[in-house]
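Peer 1:
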Amino acid sequence: MLADLMPSSNAILNSVLVGLTPLALHCLYVARRLRRAAPPTAPELAALTGITSCFTSDNVEELRRCLREDMARVRRVRVVSPDPSALFADTSVIGPVLREAAAQGVAFELVGSERVQSPSDIGLSSRHRVVGSGQLSYPMEWQIVVAGSTVYFGYGSTALQNSNQVFHRAVTSVDSSMPHVRRLADVILATAEEAFSWAHQPEAAAKVFTTSSPGAYRSRIVPAEAGAAVVDRIPKRLSVMFKGEATVRSIAQQRFGDGSPSVAEYVEEHEARRREFFGALARGMRCREIYNQAELISYVTSRRHSRSVLLASGEMRDTVERWRQAIAMYDNYKVAITTDPLPFKYELVDGKLVVMHEAIGVGDLQRLNAIFVQSARIGRDFSADFEIIWERSPPDRRSRAGLLRFIDEELIPLVS
Numbered sequence: 016m017l018a019d020l021m022p023s024s025n026a027i028l029n030s031v032l033v034g035l036t037p038l039a040l041h042c043l044y045v046a047r048r049l050r051r052a053a054p055p056t057a058p059e060l061a062a063l064t065g066i067t068s069c070f071t072s073d074n075v076e077e078l079r080r081c082l083r084e085d086m087a088r089v090r091r092v093r094v095v096s097p098d099p100s101a102l103f104a105d106t107s108v109i110g111p112v113l114r115e116a117a118a119q120g121v122a123f124e125l126v127g128s129e130r131v132q133s134p135s136d137i138g139l140s141s142r143h144r145v146v147g148s149g150q151l152s153y154p155m156e157w158q159i160v161v162a163g164s165t166v167y168f169g170y171g172s173t174a175l176q177n178s179n180q181v182f183h184r185a186v187t188s189v190d191s192s193m194p195h196v197r198r199l200a201d202v203i204l205a206t207a208e209e210a211f212s213w214a215h216q217p218e219a220a221a222k223v224f225t226t227s228s229p230g231a232y233r234s235r236i237v238p239a240e241a242g243a244a245v246v247d248r249i250p251k252r253l254s255v256m257f258k259g260e261a262t263v264r265s266i267a268q269q270r271f272g273d274g275s276p277s278v279a280e281y282v283e284e285h286e287a288r289r290r291e292f293f294g295a296l297a298r299g300m301r302c303r304e305i306y307n308q309a310e311l312i313s314y315v316t317s318r319r320h321s322r323s324v325l326l327a328s329g330e331m332r333d334t335v336e337r338w339r340q341a342i343a344m345y346d347n348y349k350v351a352i353t354t355d356p357l358p359f360k361y362e363l364v365d366g367k368l369v370v371m372h373e374a375i376g377v378g379d380l381q382r383l384n385a386i387f388v389q390s391a392r393i394g395r396d397f398s399a400d401f402e403i404i405w406e407r408s409p410p411d412r413r414s415r416a417g418l419l420r421f422i423d424e425e426l427i428p429l430v431s
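So, in structure tokens, the structure goes:
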């Protein structure tokens, strides 16, 4: 019956958030996958879920103000987090607000964490509770705060903790219960297209978004890729997905400075993105990448990851070997190497989300670093371009055997 509620829509609510019953969420997901149809209209979705309003922001002061006001109206708050201790820390942007609420009599329920077994672990009294410790499976690391009928959430191990993160706030017509919260992480991963307003827009209306910090970029690109069936990319260098933790840490230290608190955050978030990428390949996502041969050889030879980052020879070799292993292991990860010019890099998600991104490295929190264009029509233009380049690449530069031979004979010797 829910499938009949999925005609072409004018808009979708900003997020599919807590407040949906598990049954409604499941039916929405199944109906969409079976029909590949547009999501329900905002009024239809609101009727199903009880969501009455929602917004997205990266304004820290707005986050604190709203959270403080919402918690002042309730006596109990649920926190769903892999690591509540970090969320409650004084260094977290909402930590002081949470502790202030605890001092004023709000009782906290800490849900699903393996790292916190007792409220005393994070300095809270026995009046607070830990429930379901270690029982909540996170396909993605969502931080969720539920205050009555209001829900806050963000993606990533540092979401709702530092000033680089986008957060989402939804108001529902019902007091969100624990089953709704437990279902949220799974469903947002499975229906990532519905989770954000820039997904599944009518073809006539292109939606364009920009991001201005690493956290804001990851908040958009990770859910898009996690829910994708097909991703086509034209990169300029071997991705972070093929770099080990030591290499990522080296990049972060050169970029932010040894001892910077941003180093650990960078390493942790890139590790999460690597897990999501290989998890998506394991579930069947098809990913294709096209590299320019001269640019790829130059990248490996120079070991220049970016203007300010130089990889050690061992780090570059490890990166190339990890890339080779992915090509050898996954039939649905396909690569082509071309001599055609590739004027700029882009990523195409499910044929309708075009992403152009470049890390800045200087003034990261203020500089524009990505543009997202949601449009089936524009997606077709990029898809046509990608197919032309793919078909023009030599057959032995897009077959698995030919690619492995090229890596062994042309790239590995450069870093031996």
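Here this note's numbering is used: position 83 in the sequence shown is 98, and no number is missing along the way. Glycine included, C-beta positions come from ideal geometry on N, C-alpha and C.
1) Based on Cα-Cα distance, which residue from V161, A104 and V108 lies nearest to E124?
2) Tell me where the alpha helix (DSSP H) around D247 begins and ends.
3) Give me, in chain order, the residues of the same chain whose beta-carbon lies closer than 7 angstroms to that of T226; leave out the 5 immediate sequence neighbours on both sides.
4) Given a threshold of 16 other Cβ atoms within 10 Å of its Cβ, counted over all protein chains shown, does Q119 qualify as buried or as exposed?
5) Would L363 pass as a contact of S313 if the rule is Cβ separation under 8 angstroms?
6) Measure the CB-CB distance between R91 and A117 and report whether it falls below 8 angstroms.
7) Is there at least one Cβ from chain C nearer than 8 angstroms to V246's Cβ?
8) What residue from P229, I403, I422 and K349 has the CA that sits closest to G299's CA?
9) If you draw a straight line from the C-alpha of T334 to the C-alpha of H143, how long is it?
10) Among A261, S277, R337 and M344, which one has its Cα closest to the Cα of G230?
11) Spell out the partners DSSP gives K222 in its beta bridges.
12) What did DSSP end up calling H320 once you bin it into helix, strand or coil?
13) Per DSSP, what kind of secondary structure is V237 in: helix, strand or coil?
14) Going by C-alpha to C-alpha distance, which of D355, S254 and T165 sits closest to R88?
15) Which stretch, first to last residue, makes up the beta strand (DSSP E) that contains E124?
16) Applying the 10 Å Cβ sphere with the 16-neighbour rule, what's the burial state of L418?
17) Going by C-alpha to C-alpha distance, which of V263, P250 and A295 sits closest to R237?
18) Please classify M344: does DSSP put it in a helix, a strand, or coil?
19) What whole-angstrom Cβ distance do R413 and H320 have, given they're in contact under 8 angstroms?
20) What three-state label does DSSP hand A162 in the structure shown?
21) Identify every residue that forms a DSSP beta bridge with M371.
22) Taking the continuous beta strand (DSSP E) assigned at E304, which residues delimit it?
Peer 2: Let me spell this out:
1) Comparing C-alpha distances from E124 to each of V161, A104 and V108 shows the shortest one belongs to V161.
2) First-last for D247: V245 to I249, but that is the beta strand (DSSP E), not the alpha helix (DSSP H).
3) Here T226 has Y232, R235, N384 and A385 as same chain residues with Cβ atoms under 7 angstroms from its own Cβ, once five neighbours each way along the sequence are excluded.
4) exposed
5) No, the Cβ-Cβ distance between L363 and S313 is not below 8 angstroms.
6) no
7) In the structure shown, chain C does not exist; there is a single protein chain.
8) The candidate whose alpha carbon is nearest that of G299 is K349.
9) About 46 angstroms.
10) Looking from the CA of G230, the closest CA among A261, S277, R337 and M344 belongs to S277.
11) Q389
12) Three-state result, H320: strand.
13) helix
14) Ranking D355, S254 and T165 by Cα distance to R88 puts T165 first.
15) A122 to V126
16) buried
17) Note that residue 237 is Val in the sequence shown here, rather than Arg. That would be A295, whose Cα lies nearest to the Cα of V237.
18) helix
19) That pair is no contact at about 25 angstroms.
20) strand
21) I386
22) Residues R301 to N307.
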